[in-house]
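Encoded as structure tokens, the structure appears first; notes follow it.
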Amino acid sequence: MYVGAEEIASYITALPYLAGWLSNVTSGITSQWLRQKGYVSHMTAYRIFNGIAALGPAVSLIIITQVGCDSVSIIILFTITLLFNGSYFGGSILGVMDLGVNFAGTMSGISGTITGITGIIAPTIVGAVTNYHQTISAWTTVFYISSAMSALPYLSYIFFGSVQEQPWNKLKVDKSNSDLNDEIMVVD
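The sequence shown begins at 26 in the working numbering and counts up by one.
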């Protein structure tokens, strides 16, 4: 059986995504295990995993700027980047359930929308920085910007993150309307 260069390239380019998937699956389980065993508190676990997910890629992206055009090193670093990035599933992704389980879907949707906006902004920034000058210097700037965009949300989580159930999550049942068969949930 002959394996061509295209097939090898496809396997190699899939490595970062495989690493990200592996991290997605294991980080949530590991975070919960650490908490259940009492090794760390909720907030500490979430801060650790968010730190890995935000700062790990930030550092990896900076290192990428230092390796030049060594494609093997870059693929390894991108793999490490997505491996770190998957740790969000042990941090803030789980934290949504602690804040308000009744609105977890809504909060995840809002968070996903905000995160998705970077998918619109990032190509615009890359285009502005690299337009008409595809140089290592221009791409280094792109990677530094990406590194900062990875690390900054972690700082806000450190200062403003919480695992306490929010008051707006507490629903009250209104049984005053006897004409309805269903109970009406009222948010305070």
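All C-beta atoms in this analysis are idealised placements derived from N, C-alpha and C, irrespective of residue type, glycine included.
Asked, Found
"Neighbourhood of Ala-176 by C-beta, 8 Å cutoff - its chain only, sequence neighbours within 5 removed", "Ala-79, Leu-80, Ala-83"
"Inter-residue spacing [alpha-carbon to alpha-carbon] between Tyr-64 and Ser-162", "45 Å"
"CB of Pro-41 within 8 Å of CB of Thr-106, strictly", "yes"
"Close Cβ partners of Gly-93 (< 8 Å) along its chain, the five nearest in sequence each way excluded", "Ile-161"
"Rounded straight-line distance, which links the Cα of Gln-191 to that of Tyr-36", "45 Å"
"Contact under 8 Å by Cβ, Leu-102 with Ser-56", "no"
"Contiguous beta strand (DSSP E) assignments of at least 3 residues, all confined to the stretch 151-200", "196-199"
"DSSP-derived helix/strand/coil call for Tyr-36", "helix"
"Gly-115 classed as buried or exposed, judged by whether at least 16 other C-beta atoms fall within 10 angstroms", "buried"
"As assigned by DSSP and simplified to three states, the class of Tyr-64", "coil"
"Spatial distance of Ile-100 from Phe-168 (CA atoms)", "15 Å"
"Coarse secondary structure for Asp-123, derived from DSSP in three states", "helix"
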